[in-house]
Each structure stands twice: as structure tokens, then as C-alpha cells.
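J.:
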Amino acid sequence: MSKQIPGERSQRQLRVAEQIRHVLVEVLQRGHLHDEDLLDAASKVTISEVRISPDLKNATAYAMPLLV
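According to my numbering, the residues represented by the sequence shown are 463 to 530, in order.
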């Protein structure tokens, strides 16, 4: 097994982060939200990236506004 460069994300981190991103996009598309403000904004944003901690316990999702 090769040594990982500090700060570089592992294949597992990348895979799990991408799965989380897909789930978030699906939730936004289907409107499965309980907050009216989020429901209104859901069609106006896209999830551009998800970064996840090495232990896979914490993730940060980055949303960008869609230019319509």
C-alpha cells in the first residue's frame, strides 16, 4: 500500500463524498425538504462539491447558485 500525501484525499473519501453529493442533489430535485425557505431555494442551487473528513464522520457540502 502506498503512503498518502498529507492533505490528499483517499479514494474512499472521494467515493463516499461523491455518493453524498448525488444523494443531496436527488433530495433537492425531488423537493424532500421540510423548510419552506430551503424548498424555494432548492431549484436555484447545485451541489458543486462535498468534502469529507478522513474518518468519514463529517462532510461539508458546497452549493452554488444556478444562473438562470
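All C-beta atoms in this analysis are idealised placements derived from N, C-alpha and C, irrespective of residue type, glycine included.
(1) So, at 6 Å on beta carbons, what are the nonlocal neighbours of ALA525 in its own chain, with the 5 sequence-adjacent residues on each side left out?
(2) Rounded to the nearest angstrom, what separates GLU498 and VAL489 at their Cα positions?
(3) Mind listing, in chain order, the continuous beta strand (DSSP E) runs of no fewer than 3 residues lying wholly within the segment 469 to 522?
(4) Among the residues of its own chain, which have a CB less than 6 Å from the CB of THR522, if the five just before and after it don't count?
T.: Once the coordinates are examined:
(1) Closer than 6 Å at Cβ, skipping near neighbours: VAL507 and ILE509.
(2) Going by the C-alpha atoms only, they are around 14 Å apart.
(3) The DSSP assignment places complete beta strand (DSSP E) segments of no fewer than 3 residues inside the segment 469 to 522 at 507 to 514, in order along the chain.
(4) The answer, listed in chain order, is ARG513.
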